[in-house]
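Novice: In the numbering used here, the protein residues as written are 146 to 322.
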Amino acid sequence: MSSSSSSSSSSTLRLYLTCIRNTLEAAMCLQNFPCQEVERHNKPEVELKTSPELLLNPVLICRNEAEKCLIETSINSLRISLKVKQTDELENILTKKFLRFLSMRAEAFQVLRRKPVQGYDISFLVTNYHCEQMQKQKLIDFIVQFMEDIDKEISELKMSVNTRGRLVATEFLKQFI
């Protein structure tokens, strides 16, 4: 990859993440709102979608066809769904395995959903309780940092698999020399 292509790529990533950060800051104005259907229940409206008047328009932010972020907001909850870049079959497998590994540990992340929204690789659900218990800015920082790190992790995993494959192939072919 040339340096101009690399700087262009990092520039689009920075713009993409800045746009997501700004959208999350605007959308994360959540408040306690009890369920209108069942008394003394407080369910995330973005998940239930029982009252259309409590839902805001979803925002779709795309870096390219392969990478996108869907931000759905309601009065008491916010759902962020991410589609991670997968350029080849190896990245596809690594992404699925890595995100499955994270999803199995969803309770440790508190805002991570076990099952992503259909068409996306991973989803986060932030409720008004999360905003009350944690700092809003730290939640936004976590999500944006996660998006930065996921690409790096998958690239490192891909390089590791390729290196290991090269070593195995070299050792295997030595027996024929």
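Ideal Cβ positions, reconstructed from N, Cα and C, are used throughout, including at glycine.
1) Select from Val183, Thr168 and Asn187 the residue whose C-alpha is nearest the C-alpha of Asn177.
2) Could you pull out every residue in the same chain whose Cβ sits closer than 8 Å to the Cβ of Leu247, ignoring the five residues on either side in sequence?
3) If you draw a straight line from the alpha carbon of Thr168 to that of Leu158, how long is it in whole angstroms?
4) Taking Cβ positions, are Ile220 and Lys213 nearer each other than 8 Å?
5) On the three-state DSSP scale, how would you describe Ser196?
6) I'd like the ranges of any beta strand (DSSP E) spanning at least 3 consecutive residues and lying wholly in the region 206 to 263.
7) Closest to Leu162 by CA distance: which of Leu193, Arg311 and Asp294 is it?
8) Do you know how far the Cα of Val289 is from the Cα of Glu170?
9) Would the beta-carbon of Arg166 fall within 8 Å of that of Val191?
10) Excluding the five sequence neighbours on either side, which residues of its own chain have a C-beta within less than 8 Å of the C-beta of Glu298, listed in chain order?
11) Are there 16 or more other CB atoms within 10 angstroms of the CB of Met146, so buried, or fewer, so exposed?
12) If we ignore side chains and look at the alpha-carbon of each, how far apart do Tyr265 and Thr232 end up?
Specialist: According to the structure data:
1) Numbered from 1 along the sequence shown, position 32 holds the residue referred to as residue 177. The shortest C-alpha separation from Asn177 is found at Asn187.
2) Position 102 of the sequence shown holds residue 247. These residues qualify, in order along the chain: Phe254, Leu257 and Ile267.
3) Walking along the sequence shown from the start, residue 168 turns up at place 23. Walking along the sequence shown from the start, residue 158 turns up at place 13. When rounded, the distance between both Cα atoms is 15 Å.
4) Residue 220 sits at position 75 when you count from the first residue of the sequence shown. Residue 213 sits at position 68 when you count from the first residue of the sequence shown. Not in contact: Ile220 and Lys213 (Cβ atoms no closer than 8 Å).
5) Stepping through the sequence shown from its first residue, residue 196 is reached at position 51. DSSP places Ser196 outside both helix and strand once states are collapsed to three, so it counts as coil.
6) 213 to 218 and 222 to 228
7) For the purposes of this step, residue 162 is taken as the residue at position 17 of the sequence shown. Closest option to Leu162, Cα to Cα, is Asp294.
8) In the sequence shown, residue 170 corresponds to position 25, counting from 1. In the sequence shown, residue 289 corresponds to position 144, counting from 1. The straight-line gap from Cα to Cα measures roughly 11 Å.
9) Taking the sequence shown and counting its residues from 1, one reaches residue 166 at position 21. Taking the sequence shown and counting its residues from 1, one reaches residue 191 at position 46. For Arg166 and Val191, no; Cβs fall outside 8 Å.
10) The residue given as residue 298 occupies position 153 in the sequence shown. For Glu298, where only same-chain residues beyond five positions count, the Cβ hits under 8 Å are Phe243.
11) Here the question's residue 146 lines up with position 1 in the sequence shown. Bear in mind that the predicted position of Met146 carries a pLDDT of just 47, short of 50, making it unreliable; the figure below should be weighed with that in mind. The residue in question, Met146, is exposed, as its Cβ has fewer than 16 Cβ neighbours within 10 Å.
12) Looking up residue 265 in the sequence shown gives position 120. Looking up residue 232 in the sequence shown gives position 87. Looking at the two C-alpha atoms, the distance is approximately 15 Å.
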